[in-house]
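Each remark here refers to the structure printed beneath this line.
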Amino acid sequence: MIQKPKGTYDVYGQNSKQILYIEQLMKSLMEKYNYEYFRTPVFENSDLFNRAVGETTDVVTKETYDFLDRSERKMTLRPEGTAGMCRSFVENKMYGTYSMPVKCWYYGPMYRYERPQSGRFREFYQIGVEVFGSDSPNIDAEVISIPVNFYKLIGLKGIKVNINTLGDKESRENYKEALINHFKPHINNLCSDCQERFLKNPLRILDCKIDASNEIMKTAPKTIDYLNQVSKDHFTKVKEALDALDIDYIVNPGIVRGLDYYTHTVFEVEADIKGFGSNNVLCGGGRYNGLISAIGGPEISGVGFALGLERLLNAINAEAIELPINDTVNAYIIPMSEEEQSYAMGLTQSLRLNGFTVEMDYMSRKLTNNFKQADKLNSEFIIIIGEEEIKNKTLTIKNNKTKEEYKIKETEVIDFLDEFIKGDE
RNA sequence: GCGAUUAUGGUGAAGUGGUUAACACGGCGGAUUGUGGUUCCGUUACUCAAGGGUUCGAUUCCCUUUAGUCGCCCCA
C-alpha cells in the first residue's frame, strides 16, 4: 500500500466543503477590496528564496524542498508566497504598466520540510495579499484589515491582532545592536535556544517562552526607543488608521517575524481560543520595503500578509462554527428498473443544465433503498420513473419534506421545481 | 533537527503467546417484484501498518522502517 507523503493530506468530505466555502468567501472579499488574483509557479529558482526570504533563516536553510530539474537547474518548491509575487511584479515590470499601488492576492500550496504537528503540514495552503508601491501607513492598515474582516465574516470570535514595528532599515540595525549589547553579558543565563538565537537572530529572543520571566527580558531595550522619527511617525499613523477602521489590536514588542524581509509594521493574528493548539498564529505579515530592490527591482515598497488555511479550519472547528454549506440536492431520480435508466439520465442532464442539483440512481437499488439514498443526499424532491411514466409522459414527483406526491407532465417539471426551490430562498 | 506516543475491517473500537479475532455503526441483500426512512434476518477481517527476529507457535514479546497524533525549534 502506497501512502501519501508525510505531512500531506487528502481533501474530501466535510473538509472539502469547508475549503470551497472559504475559497469562495475570500474571492468575493478580495473583489470588494479590489485586489487582483495572481498566480505564480509552485516552484522557482532556488536563488529567489535565498535572496528574498533570507539565507540565514530556518525556512531557507533547513525547510525547503530543493531539487535539480532534468537540466540540472536548482529549483525550490515555494516555502511562502511573497517571494514569487515580488518576482512576478518585477519581472513583468508592473511598476510601469499598472498604476500604483498594485494590489494583488494569491492562494495556493506552500512546501516546508518540517515535522508535522497540530496545524502544521509539509504541504499547506496559504491565502495571501501583497500591495506594491505605496508607503502609506493607511495601506498597512488596509492589509491588516483584510484577515480581520475575513475572520469576522467567517464568524470567528477568539481572534487577537498583535502589531509591532521594526522601523526602517536604520532603526532596525540600531535596535539589533542594542539588543546584542544588552544580552551579551547575560548570555549564559538564557536558555539554550536563546543562546542559539543570539547568534542567528537576536530579535527572536524577545518572544522566547522559557525566558519570558527572566529579569534580562524585562529590561531589554524596546524597539520603540530605537525608532527614528520617520519610523515613529509611520507606526503612529498605522495605529490611527486601525482605529479609524475600528480594529482592535495590541502592540506587542515581541512580534518580530522570522523572515528577513520585514521592515516597519509587522503583525500576527492569533486564535485566542480555549483548547487550541500551540500553532495558534493564523496569519502573519508586515511591510517589506527593501525586498523588491533586493531581488533586482526598483526601490519600491511592499506590504502583505499570509494566512494559513489549515489553521483557519482548525479554528473554525475549535469554535464549532457552522459554515453556511449547502448540503442538499434538489432532486433525486429513481428509475424503477434498468429499462428506465436511459430516460432517467436524459431527465437528470436536462434538469442539471437548467440549474438544478440532481442525482439519480445508477445502482439499480431496490425502491426501499433508493428512498434511503434520497434522504442521505438531503434531496428536496424525489422523481420516480417507471413504465407508466414514460408511456404517459408524466412524472411522479414527491416533495421529500411534506411527503406530498404530484403527477405532472414532463414538460412542466422545470417550472414545478423552479416554483418550489426559488420560493424557498 | 530533537522528544513523547500510537498503528486491529469501510468507520468507531474490544481482545489473547496457541483451535472460528468480540461488539457497535455503516454498506450490500432479503422479508416487502411501485412508495421508504421503524423492525427482523442474512452478509460484510484467510487477518491485526510493512519487514525482520525470539519461539514448537505471535496480531500479541523484541528490533527496524513507514505513517498518524502531540510537544520543542521554527513558522501560516
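In short: position in the first sequence from 1, add 1426, done, that's our numbering.
We treat Cβ as the ideally placed atom computed from N, Cα and C, and that holds for glycine.
Test item: CB-CB of residue i and residue j under 8 Å
i, j, result
"valine 1468", "glycine 1534", "yes"
"isoleucine 1558", "proline 1527", "Reading off the sequence, residue 1558 comes out as phenylalanine, not isoleucine. Yes, Cβ-Cβ distance for phenylalanine 1558 and proline 1527 is below 8 Å."
"threonine 1689", "aspartate 1561", "no"
"isoleucine 1847", "glutamate 1813", "no"
"asparagine 1460", "lysine 1529", "yes"
"glycine 1507", "glutamine 1450", "no"
"leucine 1793", "isoleucine 1823", "no"
"tyrosine 1756", "leucine 1685", "Rather than tyrosine, the amino acid found at residue 1756 in this sequence is asparagine. No."
"isoleucine 1747", "leucine 1579", "no"
"leucine 1733", "leucine 1708", "yes"
"glutamine 1775", "aspartate 1787", "no"
"glycine 1710", "threonine 1691", "no"
"isoleucine 1642", "asparagine 1615", "yes"
"glutamate 1830", "leucine 1803", "no"
"glycine 1538", "glutamate 1603", "Going by the sequence as given, residue 1538 is arginine instead of glycine. No, the Cβ-Cβ distance between arginine 1538 and glutamate 1603 is not below 8 Å."
"asparagine 1654", "glutamate 1725", "no"
"alanine 1697", "alanine 1670", "no"
"isoleucine 1809", "methionine 1762", "no"
"valine 1695", "valine 1569", "no"
"alanine 1478", "isoleucine 1721", "yes"
"serine 1571", "isoleucine 1673", "yes"
"phenylalanine 1475", "threonine 1502", "yes"
Start and end residues, alpha helix (DSSP H) containing residue i
i, result
"leucine 1803", "Per DSSP, leucine 1803 belongs to no alpha helix (DSSP H) and is neither H nor E."
"tyrosine 1577", "1563-1580"
"threonine 1523", "1520-1523"
"cysteine 1512", "1508-1517"
"leucine 1653", "No alpha helix (DSSP H) contains leucine 1653, which DSSP labels as neither H nor E."
"glutamate 1641", "1641-1644"
For residue i: DSSP bridge partner residues
i, result
"glutamate 1462", "Cys1530"
"glycine 1545", "DSSP, once it has assigned bridges, lists no residue as partnering glycine 1545."
"methionine 1536", "Phe1550"
"lysine 1586", "Glu1696"
"alanine 1732", "Gly1554, Gly1710"
"isoleucine 1759", "Met1786, Ile1809"
"asparagine 1627", "DSSP output for asparagine 1627 lists no bridge partner at all."
"phenylalanine 1469", "Leu1503"
For residue i, the three-state DSSP class (helix, strand or coil)
i, result
"leucine 1503", "strand"
"cysteine 1634", "coil"
"proline 1724", "coil"
"glutamate 1481", "coil"
"tyrosine 1447", "helix"
"glutamate 1745", "coil"
"valine 1437", "coil"
"asparagine 1708", "A small correction: the amino acid at residue 1708 is leucine; asparagine does not occupy that position in the sequence shown. Three-state result, leucine 1708: strand."
"valine 1555", "strand"
"valine 1682", "coil"
"asparagine 1715", "coil"
"glutamate 1813", "helix"
"asparagine 1752", "coil"
"glutamate 1622", "helix"
"glutamate 1498", "coil"
"isoleucine 1847", "helix"
"threonine 1828", "coil"
"lysine 1665", "helix"
"leucine 1391", "Residue 1391 falls outside the range modelled here, since the chain spans only 1427 to 1851, and no answer is possible."
"serine 1442", "helix"
"leucine 1474", "helix"
"lysine 1432", "coil"
"leucine 1671", "coil"
Element boundaries [beta strand (DSSP E), containing residue i]
i, result
"valine 1695", "1689-1697"
"isoleucine 1823", "1820-1825"
"phenylalanine 1702", "No beta strand (DSSP E) holds phenylalanine 1702; DSSP gives it neither H nor E."
"lysine 1835", "1831-1835"
"tyrosine 1675", "Here tyrosine 1675 belongs to no beta strand (DSSP E), and DSSP marks it neither H nor E."
"leucine 1494", "1491-1494"
"glutamate 1838", "First-last for glutamate 1838: undefined, no H or E at that position."
Near the ligand SAM: residue i beta-carbon under 7 Å from a heavy atom
i, result
"glycine 1584", "Questions concerning the ligand SAM fall outside what the structure shown contains, since it holds no ligand whatsoever."
Worksheet item: Which ranges would you report for the beta strand (DSSP E) in the region 1761-1798 if only whole runs of at least 3 residues count?
Response: 1784-1786
Worksheet item: Which parts of the region 1588-1617 are runs of the alpha helix (DSSP H), unbroken and 4 residues or longer, counting only runs that do not cross its ends?
Response: 1595-1609
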